[in-house]
Amino acid sequence: VQLQASGGGLVQPGGSLRLSCAASGSIASINTMGWYRQAPGKQRELVASITNAGRPNYADSVKGRFTISRDNAKNTVSLQMNSLKPEDTAVYYCNIRSILSATYNFWGQGTLVTVSS
């Protein structure tokens, strides 16, 4: 499975960005796609995820500001990020995993989001 992420960049506080990720290869019939982030000196953390049934899950820090969505037909997941804050600055990673197998857990290459004036 390959994950190709895009959409990172530099944005001012209060601004918006949209991240996108496309999965290719052997896609599990039951899967969860999501976004994680890792800021300098910190551990990687979940930002948001969504099951292929469309159920989203958000970190408390992004609730009400970020929206995750997916297109099952295209195997893509997107993250709309609004009202960005400097503390959202991190490398964002796309992920796909499945409850069908513990080894079905794949990561994209990461895309940098910088929120700064």
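Residue numbers (the numbering used here): 93 to 209.
Positions of the beta carbon are idealized from the N, C-alpha and C atoms, including for glycine.
- With fewer than 16 other Cβ atoms inside 10 Å of its own Cβ, residue 122 counts as exposed.
- Residue 150 and residue 166 have their C-alpha atoms some 22 Å from each other.
- Buried is the label assigned to residue 188, since at least 16 other Cβ atoms lie within 10 Å of its Cβ.
- Contact annotation, residue 98 with residue 173: C-beta distance approximately 14 Å; criterion of less than 8 Å not satisfied.
- Residue 141 is a Cβ neighbour of residue 126, given a cutoff of 8 Å.
- Proximity to residue 156 across 204, 146, 176 and 138 peaks at 176, based on C-alpha coordinates.
- Contact annotation: residue 114 and residue 159 have beta-carbon atoms that are not nearer than 8 Å.
- Between the alpha carbons of residue 129 and residue 139 lies a distance of about 7 Å.
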